[in-house]
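One structure is given here, and the rest of the page talks about it.
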Amino acid sequence: MLAFGSIPIGPFRAALLLCLLLALAGCGAGQAPPSHPELPEPALRRLTEAQYINAIEDLFGADLFVPAGIEPDLRVRGLYSVGASLAAISPRGVEGFERASYTVAAQVMEVDRRERVVSCTPDAIVDPDCARAALAPLARRAWRRTVDEDELEQLIELAGASAQALGDFYQGLEFALATVLQYPDFLYRVELGNSVAGDDGTPLFDDFELASRLSFLLWNSIPDEELLDLAERGELSQDLVLDQQLDRMLSSERARKGLRAWFADLLHLADLDELYKDSVTFVHMSDTLGASAREETLLLFEDIVFDQDRDLREILTTRETFLNRELATLYAVQAPVREGFAPYDFGAEGQRRGLLNHASLLTLNSHPASSSPTLRGLFIREVLLCQVMPGAPAGVDTSIPPPSEVARTLRDRVQQHLTDPACGGCHRMMDLLGLGLENFDGIGVYRSQDNGADIDASGEFEETEFANHIEMAELVAQSEDFSDCMTTQVFRAALGQAEEPGQNASLDWLQERFAAHDYRLLPTLKDLLMSPLFRQAGELHPAGPEPVPPEPGIAPAVGLEPQLPGGSR
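First residue of the sequence shown: 12, per the numbering used here; consecutive thereafter.
Okay, structure coming up:
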């Protein structure tokens, strides 16, 4: 009989007591997130190009022409979602967003589309009541918050003055609508916190800010009416309500689109649109290969995360993928019967396993006329393992000699990097990983020889040798660095900033939750969004330029006054 102090206890109670002690020690079901995590100072985040387009389409429909390329997105730590907090709007961008707002507004006010915004019939050229009915819900959704009465009145007055000058109610409304789309609360994510405090005085994001944070992370777009209604009633921040909304959001089709955007951002898949390869060297290269390769990778991500809810680490080792006829030809396997993508299993004897053997990553991390062990190893280290690799020392020759009789394969030709004392240390970390992918050329075609010589795809990862790309992928997938990096990348996207040393406890907690959920992304993401890490706000510091919300009023976000007809715009 066991005893607790002087009190004898039976086996069942002993087991129960042990569980309680383990729970108190942070073992059992897992540690709670830090109650007061170290958080970054809030910052205005400019919408990325994709978020801007998605927001316009959610407001007005997907059949509009939305100008793109107004301001380039900024990558920080490899992510647009982190760079958004540092992305400003240039004078050229000011003009670009103004032109875009009028381009969109003119299309929305066309006869066959205007009923999407205007549900009333105007009684006159100037009809303040009908203008209010159209503008109030539109501005609320576009700005992701309650619209002040003064702001709404100014919009209505602008619509009326423009209608009077042009002699048409709808043309007047077009000017007010264009102003809504230039407002700071549309072009930026105004999520500053500090207007609401918890019971202990901790700054919190208010319900509207929380709705915006959730929707841009999970849907890559603006909140829907249900989120805004809950925010307006102050209910979204209630734990039970938030839990229910996360289930709703994550189970929607929009979540697939939103998390695909995160994964594409992480892997830099947008760069496939600018792909250049030597068509003489790579005979399978085509104008459509980049889009096909990107879709294969995103379909596999979607299948593992949403359809099967599997261990995310399997994305590096699975035999399964999705192919269309173009990729089937590239991979030398049987093509789908129908047009479009279909599931495909390479089988136990197949030469491909997982993400690292996809044409998307193999192509992006190669040179225009050759593969690149260095670029491929660098990608694995920086993107999949979150390791920072230094640049080449100044004055060091980074060129690779051309093939010769004594050095035909790329492995032979990169030996000078591996043996040079000035760069060998870093190149061993990159090249000995990247050489494991040498059986794939610069666009992902499998090969057994390079310039007529047999390819040796062996290498080393963290002092463990591997024979080929399949063994390498297994080693990377099972490393703690990979699973920890995936949670770090989610953390960066959710908070819009790179991690700092003071946030180690928060990252440790998130990594523990990922392991506790068997490395499944969706439940781990839900834990993060329910935690203080996502819901609490850092403090605004008085020193230096503060990211403050703009003053109320109708002046456009980007600093231009909308001109009435007869003026220039």
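C-beta atoms are modelled at their ideal positions from N, C-alpha and C, and glycine is treated no differently.
Keep in mind it's a predicted model, so treat the numbers as computed, not measured.
Start-to-end residues for the alpha helix (DSSP H) that takes in residue i
i: residue 148; result: 139 to 154
i: residue 293; result: No alpha helix (DSSP H) holds residue 293; DSSP gives it neither H nor E.
i: residue 477; result: It is not in any alpha helix (DSSP H) - residue 477 instead sits in the beta strand (DSSP E) that spans 475 to 477.
i: residue 308; result: 300 to 313
i: residue 118; result: 102 to 119
i: residue 545; result: 543 to 546
i: residue 63; result: 60 to 71
i: residue 480; result: 480 to 489
i: residue 91; result: 91 to 94
Residue i, DSSP secondary structure in three states
i: residue 381; result: strand
i: residue 86; result: coil
i: residue 530; result: coil
i: residue 464; result: strand
i: residue 1; result: With the chain covering 12 to 580 only, the question about residue 1 has no answer from this structure.
i: residue 319; result: coil
i: residue 582; result: Since the first residue of the chain shown is 12 and the last is 580, residue 582 is not available in this structure.
i: residue 3; result: Only positions 12 to 580 of the chain appear in this structure, which leaves residue 3 out of reach.
Residue interval of the beta strand (DSSP E) (run including residue i)
i: residue 75; result: Careful: residue 75 lies outside any beta strand (DSSP E) and carries neither H nor E.
i: residue 471; result: 470 to 472
i: residue 333; result: 331 to 334
Burial state of residue i, where buried means 16 or more other Cβ atoms lie within 10 Å
i: residue 2; result: As displayed, the chain neither begins before 12 nor continues past 580, which places residue 2 out of reach and without an answer.
i: residue 459; result: exposed
i: residue 397; result: buried
i: residue 34; result: Since pLDDT at residue 34 reaches only 36, below the 50 mark, its modelled position is unreliable, and the value read off the structure follows with that caveat. Exposed, since its Cβ has fewer than 16 Cβ neighbours within 10 Å.
i: residue 157; result: exposed
i: residue 220; result: buried
i: residue 329; result: buried
i: residue 401; result: exposed
i: residue 128; result: buried
i: residue 318; result: exposed
i: residue 192; result: buried
i: residue 245; result: exposed
i: residue 251; result: exposed
i: residue 290; result: exposed
i: residue 528; result: buried
i: residue 475; result: exposed
i: residue 264; result: exposed
i: residue 62; result: buried
i: residue 399; result: exposed
Legend entry - alpha helix (DSSP H) runs contained entirely in the region 143 to 217, provided each spans 4 or more residues: Inside the region 143 to 217, DSSP marks whole alpha helix (DSSP H) runs of 4 or more residues at positions 160 to 177, 180 to 191 and 195 to 198, from first to last along the chain.
Inset, instruction - Would you check if there are 3 or more beta carbon pairs closer than 8 Å linking the region 168 to 184 to the region 504 to 517? - result: No, the region 168 to 184 is not in contact with the region 504 to 517.
Inset, instruction - Please specify which runs of the beta strand (DSSP E), each continuous and at least 3 residues long, are wholly inside the region 341 to 378, giving them in chain order. - result: Counting whole runs of 3 or more residues, the region 341 to 378 contains the beta strand (DSSP E) stretches 353 to 356.
Legend entry - Entirely enclosed alpha helix (DSSP H) segments - the region 212 to 287, minimum 4 residues: Within the region 212 to 287, the complete alpha helix (DSSP H) runs of at least 4 residues are 218 to 229, 236 to 243, 250 to 261 and 264 to 278.
Legend entry - Meets three-Cβ-pair contact criterion under 8 Å: the region 127 to 142 and the region 214 to 226: The region 127 to 142 makes no contact with the region 214 to 226: fewer than 3 CB pairs, one atom from each, lie closer than 8 Å.
Inset, instruction - Inspect the CB distances between the region 373 to 385 and the region 346 to 363 and report whether three or more fall short of 8 Å. - result: The region 373 to 385 and the region 346 to 363 do not touch, with fewer than 3 CB-CB distances between them shorter than 8 Å.
Inset, instruction - Spell out a yes or no on whether the region 110 to 127 and the region 188 to 202 are touching, meaning 3 or more CB-CB pairs, one atom from each, closer than 8 Å. - result: The way I'd put it, the region 110 to 127 does touch the region 188 to 202; three or more beta-carbon pairs between them come closer than 8 Å.
Inset, instruction - Examine the Cβ distances between the region 292 to 299 and the region 330 to 345 and report whether three or more of them are shorter than 8 Å. - result: Yes, they touch.
Inset, instruction - Check whether the region 195 to 209 touches the region 535 to 542, taking contact to mean three or more Cβ pairs, one atom from each stretch, closer than 8 Å. - result: Result no; under three Cβ-Cβ pairs closer than 8 Å.
Inset, instruction - Count the C-beta pairs between the region 322 to 336 and the region 362 to 369 that are closer than 8 Å, then say yes if the count reaches three, no if not. - result: Per the Cβ contact rule, the region 322 to 336 is in contact with the region 362 to 369 (3 or more Cβ pairs under 8 Å).
Inset, instruction - Indicate whether the contact test is met: 3 or more Cβ pairs, each with one atom in the region 544 to 551 and one in the region 263 to 271, closer than 8 Å. - result: The region 544 to 551 vs the region 263 to 271: no contact.
Inset, instruction - Count the C-beta pairs between the region 342 to 355 and the region 464 to 480 that are closer than 8 Å, then say yes if the count reaches three, no if not. - result: With the cut-off at 8 Å, the region 342 to 355 and the region 464 to 480 do not touch.
Legend entry - contact_flag[the region 149 to 166, the region 225 to 238] where n(CB pairs < 8 Å) is 3 or more: In short, these stretches touch, since the Cβ pair count reaches three.
Inset, instruction - Take every Cβ of the region 161 to 176, pair it with every Cβ of the region 255 to 266, and state whether three or more of those distances are shorter than 8 Å. - result: These segments do not touch.
Legend entry - Cβ pair count under 8 Å reaching 3, the region 472 to 484 against the region 436 to 453: Counting C-beta pairs closer than 8 Å gives three or more between the region 472 to 484 and the region 436 to 453, which meets the contact rule.
Inset, instruction - Inspect the CB distances between the region 93 to 107 and the region 138 to 153 and report whether three or more fall short of 8 Å. - result: Contact check between the region 93 to 107 and the region 138 to 153: fewer than three CB pairs, one atom from each, fall below 8 Å, which does not count as touching.
Legend entry - Touch test, the region 384 to 397 against the region 491 to 498, Cβ-Cβ under 8 Å, three pairs minimum: Per the Cβ contact rule, the region 384 to 397 is in contact with the region 491 to 498 (3 or more Cβ pairs under 8 Å).
Inset, instruction - Say whether the region 108 to 116 touches the region 42 to 60, bearing in mind that this needs 3 or more beta-carbon pairs closer than 8 Å, one atom from each stretch. - result: Result no; under three Cβ-Cβ pairs closer than 8 Å.
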